[in-house]
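Q:
There are 4 protein chains.
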Amino acid sequence: MAKTAVVFHSGYGHTARVAEFVAKGAGADLVAIDADGNLTDAQWATLDAADAIIMGSPTYMGMVSWQFKKFADASSKKWFTLGWKNKVAGGFTCSASMSGDKLSTLQYFVTLAMQQGMIWVGQTETNEYKITEGLNRIGSFTGVMAQAGAMAPASEIAQGDLDTALAYGKRVAEVAAKLA
Amino acid sequence: MAKTAVVFHSGYGHTARVAEFVAKGAGADLVAIDADGNLTDAQWATLDAADAIIMGSPTYMGMVSWQFKKFADASSKKWFTLGWKNKVAGGFTCSASMSGDKLSTLQYFVTLAMQQGMIWVGQTETNEYKITEGLNRIGSFTGVMAQAGAMAPASEIAQGDLDTALAYGKRVAEVAAKLA
Amino acid sequence: MAKTAVVFHSGYGHTARVAEFVAKGAGADLVAIDADGNLTDAQWATLDAADAIIMGSPTYMGMVSWQFKKFADASSKKWFTLGWKNKVAGGFTCSASMSGDKLSTLQYFVTLAMQQGMIWVGQTETNEYKITEGLNRIGSFTGVMAQAGAMAPASEIAQGDLDTALAYGKRVAEVAAKLA
Amino acid sequence: MAKTAVVFHSGYGHTARVAEFVAKGAGADLVAIDADGNLTDAQWATLDAADAIIMGSPTYMGMVSWQFKKFADASSKKWFTLGWKNKVAGGFTCSASMSGDKLSTLQYFVTLAMQQGMIWVGQTETNEYKITEGLNRIGSFTGVMAQAGAMAPASEIAQGDLDTALAYGKRVAEVAAKLA
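So the sequences go chain by chain: A, B, C and D.
Everything in the first sequence is counted per this note's numbering, starting at 102 for the first residue and increasing by one.
Everything in the second sequence is counted per this note's numbering, starting at 102 for the first residue and increasing by one.
Everything in the third sequence is counted per this note's numbering, starting at 102 for the first residue and increasing by one.
Everything in the fourth sequence is counted per this note's numbering, starting at 102 for the first residue and increasing by one.
(1) Any residues in the region 196 to 226 of chain D with a beta carbon nearer than 7 Å to a beta carbon of chain A? Which ones, in chain order?
(2) Quick check: the Cα distance between B/A197 and B/D142, rounded to an integer number of angstroms?
(3) Which class does A/D262 belong to by DSSP, given the choice of helix, strand or coil?
(4) Name the chain C residues that come within less than 7 Å of B/T105, Cβ to Cβ?
(5) Who are the near neighbours of D/E121 in its chain, counting only those whose CB is closer than 8 Å to its CB and skipping five residues on each side?
(6) Residues of chain B with CB closer than 9 Å to the CB of A/F242, please, in chain order.
(7) Between D/Q217, D/D137 and D/A266, which lies nearest to D/G240 when the distance is taken from Cα to Cα?
(8) Return the chain-ordered ranges of every beta strand (DSSP E) run that is complete within the region 136 to 215 of chain A and spans a minimum of 3 residues.
(9) With distances taken from CA atoms, which of C/H115, C/W167, C/F169 and C/T105 is nearest C/T147?
(10) Tell me which residues share the same chain as D/W221 and place their Cβ nearer than 6 Å to its Cβ, disregarding the 5 neighbours each side in the sequence.
(11) Does D/L280 come within less than 7 Å of chain A when only Cβ atoms are used?
(12) Taking only beta-carbon atoms, is C/I258 less than 7 Å away from chain D?
(13) Give the single residue among B/A153, B/A117, B/I258 and B/Q144 whose Cα lies nearest to the Cα of B/M102.
(14) Hey, out of B/T243, B/A253, B/R238 and B/G250, whose CA is closest to A/G250's CA?
(15) Can you tell which of A/A268, A/T194 and A/D137 has its C-alpha closest to the C-alpha of A/M162?
(16) Using C-beta distances below 6 Å, list every residue in its chain close to B/A117, excluding the 5 sequence neighbours before and after it, in chain order.
(17) Would you kindly work out how many angstroms separate the C-alpha atoms of C/S176 and D/S205, rounded to a whole number?
(18) Does DSSP put C/L131 in a helix, a strand or coil?
(19) Helix, strand or coil for D/A122, going by three-state DSSP, please let me know.
(20) Would a check of beta-carbon distances place D/D264 closer than 7 Å to chain B?
(21) Just tell me which of C/I134, C/A127 and C/Q216 has its CA closest to the CA of C/Y113.
(22) How would you label B/S158, buried or exposed, when you count the other beta carbons within 10 angstroms and need 16 or more for buried?
(23) Counting only beta-carbon separations shorter than 7 Å, does A/A173 have a partner in chain C?
(24) For the beta strand (DSSP E) containing D/T105, list its first residue and its last residue.
(25) Of all the CB atoms in chain A, is at least one closer than 7 Å to the CB of C/G170?
(26) For B/S111, would you say it is in contact with chain E, using Cβ-to-Cβ distances shorter than 7 Å as the test?
(27) Following the continuous beta strand (DSSP E) through C/Q217, name the residue where it begins and the one where it ends.
(28) Just to confirm my understanding: we take D/K188, look at its own chain, exclude 5 residues before and 5 after, and list those with CB closer than 7 Å. What are they?
(29) How would you call C/Q260, buried or exposed, if buried means at least 16 neighbouring beta carbons within 10 angstroms?
(30) Along the chain, where does the beta strand (DSSP E) that runs through D/A249 open and close?
(31) At least one CB of chain D closer than 7 Å to the CB of C/M156: is that the case?
(32) Contact criterion: CB-CB distance below 7 Å. Does A/I239 meet it with respect to chain B?
(33) Take D/G192 as the anchor and find which of D/A136, D/M252 and D/F242 has the nearest alpha-carbon.
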């Protein structure tokens, strides 16, 4: 079995809830970026030891939160030595509208993963035309998109999004196991 | 008043319907790219004469249709002389899921407009949290996103999307009038 | 004449040097984001009063620096009221390689500007095939790309990049003057 | 060993030359999209049988050529059944300037690969600061970027770009072998 980690920032608990489902699917350790954008040495060690790192962030103003970006900038230490080369990567995001600029966030996760020499695994659950409910109700392929209204608590994230997150975690872990 | 044109490709009539609402809002001429990706000389002349060109395409396999891309490639003739420099640009797309990769299509419209030296105007209607209905129900800012289920006819595009298209056409034309 | 501002973050002085040339071209006020990603109230007021805001950031790990992103996240206060609607926007970035993921940074500036309801003006200087020197030597359209080797000081940014920055500032200010 | 294929469109021979080096590195079959954007049944069969598909296109007007896009649209037949799920994917592009909008093309390859449920492998050769020559002289991570001046023949593509293409083909094939 592959060692997997989910590294994420969550501002108000929504992305944290999605992270839990991804982690459950992958059997992953949860690595929470703090409110100042920092990780502890132990958290960095968890990422270094992982076969797969799945990244999560809310989409704020069309992109990952600054706290997630601070983590990404700090990961340049790994970049210098290509220390994360060939790890498997994936990503998920959550925001208030159905589309918003969530794809922009997922695209950035890919860009970051490519700078790190990682291998990207996308989301493959299909919706079968049941728009607005069920697996992949939002229609996302590069990673997982989740949604909860602007004033809605994390508990109101649609079950379809959480189920997609769970299935995605499982998929990433399976690919990582093959490559490990 | 500004002269505006809506240049679009539509495979099955959905994008054409959105184009009609954008054109109505803008008071624009409709310039339909044909099934082989071609425009007539008269259609090119309409674009050359316009103060604003609003681009539309379905999102197929995560990007504008090949017919729209053939038009974009043919527009390199304008690029060589920066013949469309300072025209106002905008864009809209339609696909079967709520998000899909519609943002990828809108991003490409921006990239094309920038190569042509055009000035990009985005979508500014807000949703006020009425997710899945009303103006900008999908949550799009770079341009307009519309949606109709995979098997649904063009008549089933949500009214909110069409209203957004109408308001967007109006906005682009207003900016073009100021710059003309 | 239009009031313009250049808001930027610079880690080691390279982006600051490009910012100076953009600002000179535009006749703009320089608004430097500090090392913690913050602006003073007076700096926010400068942005609020501007007809055009040109954004600058190094490209770190494939995207704007976290400090710039912290500014972007803080700009959500303007987003709630569309307080920056119809301001003109532009952007520039600097990194160590010729391409790198500089386009990713420029794309994000566009995404942010669109969320704010701003109007995007790109870079229109052409290179005339003098690859690696002269105006637009790197080949960028969405905004300005500048480059200096990883160990090179800011003084070694190519003159062509700085000339492009100057011309770009002028262009953005001209469009802003027409719209003001 | 993995079965690999390089599917590409080339307008004037530049992208074809890069394709040859990628294919040599990967031990891949070359699958050339014709001037009308079509493949033969035998060519589709080659792609169906491959463990890895590496995509190549010039960057025209900021994106893959319309011929490549026509291939992408036709690949929707595979999408309906997720017939290419878990194949490895990669990509390369060539254009006249150092950056141009080549990243836009590579991003689209990723988007297409994700729609198809494929697994993306990026470019990991480093440049060690020898900007403008040597491996990865342009600075690209998501895939391979190659460059030859606007009037230059394919024979003038820099050796560093071709060496990068060769190394990239090898890398993609190695990952595919592990996953096969």
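Note that the Cβ used here is the ideal one computed from N, Cα and C, for glycine as well.
A: The relevant details are as follows:
(1) Q208, V211, T212, M215, Q216, G218, I220, W221, V222, G223 and T225
(2) 33 Å
(3) helix
(4) Simply none; closest approach about 15 Å.
(5) L131
(6) G163, G201 and D202
(7) D/A266
(8) 153 to 161 and 189 to 196
(9) C/T105
(10) A190, V211 and A214
(11) yes
(12) no
(13) B/A153
(14) B/R238
(15) Residue A/T194 holds the alpha-carbon nearest to the alpha-carbon of A/M162 among A/A268, A/T194 and A/D137.
(16) S111
(17) C/S176 and D/S205: Cα-Cα distance of roughly 27 Å.
(18) strand
(19) Per the sequence shown, the amino acid found at residue 122 of chain D is Phe instead of Ala. Of the three classes helix, strand and coil, the one that applies to D/F122 here is helix, per DSSP.
(20) no
(21) C/I134
(22) buried
(23) yes
(24) T105 to F109
(25) Here residue 170 of chain C is Lys; the residue named in the question, Gly, does not match the sequence. Yes, its Cβ sits closer than 7 Å to a Cβ of chain A.
(26) Of the chains in the structure shown, none is chain E; the protein chains are A, B, C and D.
(27) That residue, C/Q217, is in no beta strand (DSSP E); it is neither H nor E in DSSP.
(28) A151, D152, A153, I154 and M219
(29) Result: exposed.
(30) Looking at the DSSP string, D/A249 is not in any beta strand (DSSP E), and its letter there is neither H nor E.
(31) no
(32) Yes - at least one Cβ of chain B is within 7 Å of the one on A/I239.
(33) Check the Cα spacing between D/G192 and each of D/A136, D/M252 and D/F242: the tightest is with D/F242.
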